[in-house]
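Following: one structure in structure tokens, then a few remarks.
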Amino acid sequence: MVTLTAPETSSQETSTAASTGSTQETFVVDLAGSPVRAFNQALHNAVDGQSWTVTNPEGKHSLAVGINANVSVAIEGHAGYYAAGMHQKGDVTIKGNAGVGLAENIMSGRVHVKGDASQSAAATGHGGLVVIDGNASARCGISMKGVDIVVGGNIGHMSAFMAQAGRLVVCGDAGEALGDSIYEARIYVKGTVASLGADCIEKPLKEEHLTELAGLLAAAGRTDNPADFKRYGSARNLYHFSVHNSTAY
Amino acid sequence: MCGIAALQLRNPLLHPQMGSLLSSMMCQIVDRGPDSAGMAVYDTPGLVSPGTSTLSILGKDQGLPVGEIQLAVAGMLPSDAGTAVRVVGDTTLVSAAVGTDLLVKAVSETLPGSTIIGRGEHVAVMKSVGHPMAIAAEHGLEAMAGSQGLSHTRMATESAVTAGGSHPFSVADDLCLVHNGSFSNHATVRRDLKREGVVFDSENDTEVGARYVASRLQQGDTLEEALVNLGKVLDGFYTLVVTTADSMAVVRDPIACKPAIIAETDDYVAMASEYRALAALPGIENARIFEPEPGKVYTWSL
Chain V
1 MVTLTAPETS SQETSTAAST GSTQETFVVD LAGSPVRAFN QALHNAVDGQ SWTVTNPEGK
61 HSLAVGINAN VSVAIEGHAG YYAAGMHQKG DVTIKGNAGV GLAENIMSGR VHVKGDASQS
121 AAATGHGGLV VIDGNASARC GISMKGVDIV VGGNIGHMSA FMAQAGRLVV CGDAGEALGD
181 SIYEARIYVK GTVASLGADC IEKPLKEEHL TELAGLLAAA GRTDNPADFK RYGSARNLYH
241 FSVHNSTAY
Chain R
1001 MCGIAALQLR NPLLHPQMGS LLSSMMCQIV DRGPDSAGMA VYDTPGLVSP GTSTLSILGK
1061 DQGLPVGEIQ LAVAGMLPSD AGTAVRVVGD TTLVSAAVGT DLLVKAVSET LPGSTIIGRG
1121 EHVAVMKSVG HPMAIAAEHG LEAMAGSQGL SHTRMATESA VTAGGSHPFS VADDLCLVHN
1181 GSFSNHATVR RDLKREGVVF DSENDTEVGA RYVASRLQQG DTLEEALVNL GKVLDGFYTL
1241 VVTTADSMAV VRDPIACKPA IIAETDDYVA MASEYRALAA LPGIENARIF EPEPGKVYTW
1301 SL
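For the record, the sequence lines run as chains V and R.
For the first sequence, the tail end lands on 249 under the numbering used here, and the numbers increase by one without skipping.
For the second sequence, the tail end lands on 1302 under the numbering used here, and the numbers increase by one without skipping.
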């Protein structure tokens, strides 16, 4: 029933990268004929250096989640919800759009979406880099805890809500309530910001920030000029209990 | 969670495939609402015909043989109205060449306990409880031709799992509405509409949305205006798809809690809760695919 090309059983679909002389292997998984569960299990059994190509993803959910080896995964089409969630090592490239919860709780490694990402991209991410070439919709980087996110287009409302650490770079515009109740993450926006959320303010773009931003843009393969961006972050007014509220009890 | 799949076919050459395309979309949203389902199809030969009103009635068994229903309804209508009664799946369809109001009167007198779930010249509405694809198969969706189709798989939250609580809600001629989400102030709006004389069939929150849109349209709103007004009056989470005889509209609440994705080509406009429902559509690889913006009303006309 399972027609997955597993590493140990694959033959004609496995090719050794002879040109480089390395032992890198490439596996092709056609999701039109095999279940996502088996594919994810095969990725969990994978070893460093392997490459995986996924055809016919057709918006299926939970593709390439929980990768814990230095593998390279290319998804040839649109992914559904929770693609590349809990990503730990290696890189995942989605050559299409991604659904809700892309790279949710990413710890490290790299996830790259060539198209758009739906809501809650990189939510609660602790580390690693998430690159979205197109737009990301609402709640991008919600509760981010150290992840770096670079979005080529626009982001939707309530992005970086309660962001705690990490960097969010937006080369387009940001929607309403950017960075609401933000703790310590840094946000860079090139375009317009519809509105800033509670306790999120514009901050000066110093030399250290230009350097940091240039590094992030380069890591995402972008050529935008860091000087064209504005920086936003926490005013830190919500850190402490306000004495004005003392009468509320 | 509920699932929505809707299709407006711009290219008449695709009309014969409406049912099979809608069925392939609906199949992918079953997980989002497996308890009950409903479908609305427009301009489907064999179900509706031009110049004729058709009422869709919940259930295949109305307590009377089809022949008796036909005789009773025909007896209250002009002799040349060509009254016809058909059972399609779990739905009874009554047609006649009279206005819908007159047909509703005749059917209500013949079948006083019946629930009319669809009305108009162009639309047939079918809904039931059970696995959505079993409901689609029972009604023969795959083989249906048509200009537009709308389907909904329901995971009930605000009211019971009943066929009457399934979507679409069709409460005015050729108007259908499906909803993913929940309206929080539906009881208040229902009371307001009741005071204006609107009659309700169910305790369902979505019916309030449908009755509100119908009421606004009756007062002269365009479909777009009616949905903008809905956003001002109804509170809660919603992605809505509304269809009329010749148009389709999509709107999400301003917080955009509920998903929606749209694919547009020269041949069709398709909307679904998730991309996977669009993946099998012809030419999807070249379609313009986008998520509707929060709080913005999108409309397309045939």
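C-beta: ideal position from N, C-alpha, C; glycine also.
query = Can you name the start and end residues of the beta strand (DSSP E) that R:Ile1289 belongs to?
reply = 1288-1290
ask   = DSSP three-state call for R:Gly1046: helix, strand or coil?
value = coil
Distance, V:Arg139 Cα to V:Met158 Cα = 5 Å
query = In terms of DSSP beta bridges, what is V:Gln50 paired with?
reply = Answer by DSSP bridge pairing: none, since V:Gln50 is not bridged.
message = Threshold first: 3 residues or longer. Then list the beta strand (DSSP E) segments lying entirely within the region 1052-1124 of chain R, N to C.
response = 1053-1058, 1084-1088, 1091-1096, 1116-1120
query = Does DSSP put R:Val1208 in a helix, in a strand, or in coil?
reply = helix
task = Please report the residue range of the beta strand (DSSP E) in which V:His112 lies.
result = Per DSSP, the unbroken beta strand (DSSP E) holding V:His112 starts and ends at 110-113.
ask   = What in chain V is Cβ-close to R:Tyr1275, meaning under 7 Å?
value = Gly59, His78, Gly80, Asn97, Gly99
task = Decide if the region 1268-1277 of chain R is in contact with the region 1195-1208 of chain R; the criterion is three or more beta carbon pairs, one per stretch, under 8 Å apart.
result = no
query = Three-state secondary structure (DSSP) at R:Gly1231?
reply = Three-state result, R:Gly1231: helix.
key: Coarse secondary structure for R:Cys1027, derived from DSSP in three states   = If DSSP states are grouped into helix, strand and coil, R:Cys1027 belongs with the helices.
Closer than 9 Å to chain R by CB, V:Gly156 = For V:Gly156, a Cβ of chain R is located within less than 9 Å of the residue's own Cβ.
C-alpha gap between V:Asn135 and R:Ile1117, whole angstroms = 40 Å
task = Indicate the three-state DSSP secondary structure (helix, strand or coil) for R:Gln1008 in the structure shown.
result = strand
query = First and last residue of the alpha helix (DSSP H) that includes R:Met1133?
reply = 1132-1139
message = Between V:Ala194 and chain R, is the shortest Cβ-Cβ distance under 9 Å, so that the two count as touching?
response = Residue-level contact by beta carbon fails for V:Ala194 and chain R, as no gap is shorter than 9 Å.
ask   = Within the 9 Å Cβ cut-off, does R:Glu1158 reach chain V?
value = no
message = Quick check on the DSSP output: the alpha helix (DSSP H) that includes V:Gln41 runs from which residue to which?
response = 36-44
query = Of the choices V:Ile201, V:Gly197, V:Ala198, V:Asp224, whose alpha-carbon is the least far from that of V:Leu210?
reply = Out of V:Ile201, V:Gly197, V:Ala198, V:Asp224, V:Asp224 has the C-alpha closest to the C-alpha of V:Leu210.
ask   = Which chain R residues are close to V:Met62, counting only those with a beta carbon under 8 Å from its beta carbon?
value = It should be noted that the sequence gives Ser, not Met, for residue 62 of chain V. By Cβ distance, chain R contributes nothing, its closest Cβ being about 12 Å from V:Ser62, past 8 Å.
task = Please determine, among V:Gly221, V:Gly146, V:Gly175, V:Leu216, the residue with the shortest C-alpha to C-alpha distance to V:Ala185.
result = V:Gly146
query = R:Ser1166 by DSSP, collapsed to three states: which one?
reply = coil
inquiry  = Quick check on R:Arg1119: buried or exposed, where buried means 16 or more other Cβ atoms within 10 Å of its Cβ?
reply    = buried
R:Thr1092 classed as buried or exposed, judged by whether at least 16 other C-beta atoms fall within 10 angstroms = buried
ask   = Quick one: is V:Ser22 near chain R, going by C-beta distance under 9 Å?
value = Its pLDDT being 48, under 50, V:Ser22 is placed unreliably by the model, and the measurement read from it follows with that caveat. Not closer than 9 Å to any Cβ of chain R, the Cβ of V:Ser22 fails to qualify, so no.
request  = Report yes if the C-beta distance between R:Gln1008 and R:Met1248 is below 9 Å; otherwise report no.
outcome  = Judged by beta-carbon spacing, R:Met1248 lies within the 9 Å limit of R:Gln1008, meaning their Cβ atoms are closer than that value.
ask   = Which two residues bound the contiguous alpha helix (DSSP H) that contains R:Arg1276?
value = Run containing R:Arg1276: none; DSSP gives neither H nor E here.
ask   = In chain R, which residues lie less than 8 Å from V:Ser181 when you measure between Cβ atoms?
value = The premise fails here: V:Ser181 is roughly 16 Å from chain R at the closest Cβ pair, so nothing lies under 8 Å.
task = Kindly indicate the opening and closing residues of the beta strand (DSSP E) around V:Leu129.
result = 129-132
task = For V:Ser22, name the three-state secondary structure that DSSP assigns.
result = Annotation note: pLDDT 48 at V:Ser22 (below 50); position unreliable, coordinate value reported separately. In this structure, V:Ser22 counts as coil in the three-state DSSP scheme.
key: Inter-residue Cα distance where the pair is V:His126 and V:Ala227   = 27 Å
request  = Pull up the distance between the alpha-carbon of V:Gly21 and that of V:Val73, whole angstroms please.
outcome  = Note that V:Gly21 has pLDDT 42, beneath the 50 cutoff, so the model's placement of it is unreliable and no number is given.
ask   = How would you call V:Leu129, buried or exposed, if buried means at least 16 neighbouring beta carbons within 10 angstroms?
value = Buried is the call here.
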